[in-house]
Structure formats: C-alpha cells, structure tokens
Amino acid sequence: MDKKYLLTSRQMAQFVNDGFLRFDERVPDDLNRAAGAEMEQGLLDVEPMGVPFRNLWKDRAIKKVFSLPEVQGIVHSLVGPDPQYDHHAVHIVNAGHLIGQAWHADAIIDTRRTHFDIQLFYYPHDTPREMGGTMFLPGSHFRRISETDIARYQNFVGQVPMVCKAGTFLAVHHGIWHCGQPNRTDRIRYAFKLRLNPTVRQVRLWNTEGIDDPAIPQILNSKHKWYGNEGRIEVVNRIKFWRFLTGNERFDVLHLLSRIENEPQRELQAV
Ligand SMILES: O=C(O)CCC(=O)C(=O)O
Ligand SMILES: [Fe+2]
C-alpha cells in the first residue's frame with residue numbers, strides 16, 4: 156500500500172473524535188453513474204457474512220469504487236488490508252417520502268470497547284439538503300446504544316446532514332448515531348452502505364509519520380457542543396481508543412487518564 160493513500164495521524168485523531176471521516180467528490184462520474192445504475196437495478200446481492208471482501212462483486216462498478224486506491228488506503232488504515240464483508244445495504248428513500256428515519260446505530264449488539272468495524276457510506280449522485288442525506292451525530296460512537304434506543308430524540312446541536320456532490324463517501328465507526336432524512340424532491344435517493352470487519356489487530360495501520368504531532372492531544376481534547384458537561388468523559392474514551400490504536404499505553408491528554416489510574420498499593424505503617 157503506497158503511503159500516500161493511507162490516512163495521516165491527524166486524520167486518525169479526527170476519526171477518534173468524530174467517529175467518521177468524510178471524503179468529498181472522490182469517485183469519478185462514470186463510476187458514479189455505473190454504480191448508481193447497479194443500485195437502481197437491484198444487482199447487488201447480499202453475500203454471506205464473513206467472506207473476504209476481496210472476493211465479492213468482481214464484475215461490478217461498486218467494486219471499482221471500493222478498489223480506488225484512496226478508498227483502499229482508507230480501509231487499510233482503519234480495518235487493515237484484507238477485511239471481511241459483514242453486510243451491505245442500498246438505502247433507498249423514495250421521492251416525496253416525508254418521514255425521517257429514527258435516530259439509531261446499526262447492528263449494535265456489541266459489547267466491544269475498542270475493536271471496531273467500519274461502515275462506508277457512498278453517495279452516487281448529488282444529495283442536496285432537500286433530498287435529505289443521512290444525518291450523523293459527530294462524536295456519538297462511544298455511547299453504545301442498542302439500535303433505536305435513542306429514537307425519541309429529534310435533533311442535536313452539531314448534527315451533520317450529508318449534503319454532498321456525487322462521488323462522496325464517509326468512513327464511519329460502527330457506533331455512530333445516524334438517521335436517514337426525508338426526501339422532498341421528486342427523485343429517488345440512493346446511498347450505499349458497506350460494513351467491513353477487521354481481520355488484523357487495528358494497531359498503527361495508517362501512515363504513522365505524524366504520530367507524535369503535538370496537534371494530536373489538542374485534536375483529542377476538542378469537545379462537541381452536545382456533550383454539555385460530559386466532555387471530559389469523551390476525552391477519556393478517546394485517550395483509551397488512541398492507546399488501543401497506537402499501542403502506546405502511556406498516552407494521555409491533560410493527565411486525565413493517568414489520574415484515575417493512580418491507585419497506589421504501597422502501605423505505610425504508623426510508627
Ligand atoms: O437512508 C439513509 O441515509 C440511512 C439509512 C440507514 O441508516 C439505515 O437504514 O440503517
Ligand atoms: Fe443505519
């Protein structure tokens with residue numbers, strides 16, 4: 156894998172913070188059209204969970220999308236070089252469908268704290284706001300919920316609708332909260348979601364040149380507004396995740412984790 160396609164340490168830190176990374180207009184138009192046609196025509200069958208992703212959809216345009224060097228570099232950086240197919244879905248929101256989907260996280264019956272799957276969301280055509288887009292909540296991925304536990308919420312400060320041009324995709328942590336938005340246009344909206352499982356330990360899989368960049372603790376300490384008073388808990392979650400990703404068990408930000416790890420065992424005797 157050519158290093159230039161791998162994520163940088165700053166991008167990884169941003170992924171740790173937000174639970175996703177966004178890549179705008181990366182897929183060429185002819186491929187967008189061909190992949191979009193495969194979605195419209197229902198040509199992309201569900202495959203058995205756990206098969207190597209490399210073996211799937213060999214003659215399909217969608218496979219060409221996921222074989223673009225940049226996409227491969229992103230996948231490699233997050234789940235390694237040879238991930239497993241978990242499932243995919245072609246998300247279809249009909250023209251004039253005015254009901255928003257409930258906030259949820261996908262397929263979470265999951266007690267893992269550090270190991271993670273990714274979901275790639277790919278938008279083959281322009282998705283203006285009136286078409287909805289998928290709404291995402293940055294920084295929600297550590298708050299593990301079971302499917303639609305959060306469905307009673309409507310809007311969050313800092314939520315981000317995927318308003319984008321054709322050929323845009325996101326790489327998302329599996330815990331992220333999201334929901335499909337109403338489609339007020341007279342065109343059907345398509346979005347493709349692919350979930351991949353790692354087959355290797357997710358440690359230093361990206362371009363780690365900038366791993367000691369002093370900007371990283373600052374990135375990891377930036378809070379999302381919707382956290383309210385609980386911002387520091389999320390920074391602790393990020394520190395733990397960064398330790399897992401880097402293998403550096405001493406990494407800390409503002410002494411937050413080393414303070415709570417301080418449990419001295421030495422007993423002094425009164426004289
Ligand atoms: O339609 C969308 O943009 C998202 C749909 C979704 O998240 C789902 O059905 O699980
Ligand atoms: Fe979903």
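The opening position of the sequence shown corresponds to residue 156 in this note's numbering, with each subsequent residue numbered one higher.
Heads up, the beta-carbon is just placed ideally off N, CA and C, and yes, glycines get one too.
Any non-hydrogen atom of ligand 2 within 7 Å of residue i CB
| i | result |
| --- | --- |
| His-252 | no |
| His-127 | One cannot answer for residue 127 here, as it falls past the ends of the chain, which runs 156 to 426. |
| His-259 | yes |
Bounding residues of the beta strand (DSSP E) (the contiguous stretch that carries residue i)
| i | result |
| --- | --- |
| Trp-311 | Looking at the sequence shown, residue 311 is not Trp but Phe. Note, Phe-311: premise wrong, no beta strand (DSSP E); not H, not E. |
| Trp-332 | 332 to 335 |
| Ile-273 | 273 to 278 |
| Arg-350 | 344 to 352 |
| Thr-323 | 323 to 328 |
| Leu-176 | 175 to 178 |
| Phe-291 | 289 to 292 |
Proximity of residue i and residue j at Cβ, strictly below 8 Å
| i | j | result |
| --- | --- | --- |
| Asp-241 | Arg-209 | no |
| Leu-400 | Ala-326 | no |
| Ala-306 | His-259 | yes |
| His-270 | Gln-357 | yes |
| Trp-361 | Ser-222 | no |
| Ala-430 | Ile-217 | The shown model of the chain, from 156 to 426, leaves out residue 430, and the question about it has no answer. |
| Phe-324 | Phe-291 | no |
| Asp-265 | Arg-298 | no |
| Arg-224 | Tyr-160 | The question names Arg, yet the displayed sequence has Pro at residue 224. Result yes, Cβ atoms of Pro-224 and Tyr-160 sit closer than 8 Å. |
| Lys-380 | Gly-313 | yes |
| Val-248 | Asn-338 | yes |
Residue i burial status per 10 Å Cβ neighbour count (16 or more: buried)
| i | result |
| --- | --- |
| Ile-321 | The residue asked about is misnamed: residue 321 is Ala in this sequence, not Ile. Burial call: buried. |
| Tyr-308 | exposed |
| Pro-353 | buried |
| Ser-295 | buried |
Whole-angstrom distance between residue j and residue i, CA atom to CA atom
| i | j | result |
| --- | --- | --- |
| Val-171 | Val-230 | 15 Å |
| Glu-364 | Ala-425 | 51 Å |
| Tyr-278 | Arg-414 | 44 Å |
| Glu-404 | Arg-181 | 35 Å |
| His-333 | Met-194 | 21 Å |
| Ile-371 | Glu-385 | 20 Å |
| Val-391 | Gln-227 | 30 Å |
| Ala-244 | Asn-376 | 34 Å |
| Arg-350 | Asn-187 | 19 Å |
| Asn-417 | His-410 | 11 Å |
| Gln-274 | Gln-420 | 43 Å |
| Glu-302 | Ile-263 | 6 Å |
Proximity test, residue i beta-carbon vs ligand 1 heavy atom, cut-off 7 Å
| i | result |
| --- | --- |
| His-410 | no |
| Ala-346 | yes |
| Thr-289 | yes |
| His-328 | no |
| His-429 | Nothing can be reported for residue 429: it is not among the residues displayed for the chain, which extend from 156 to 426. |
| His-296 | no |
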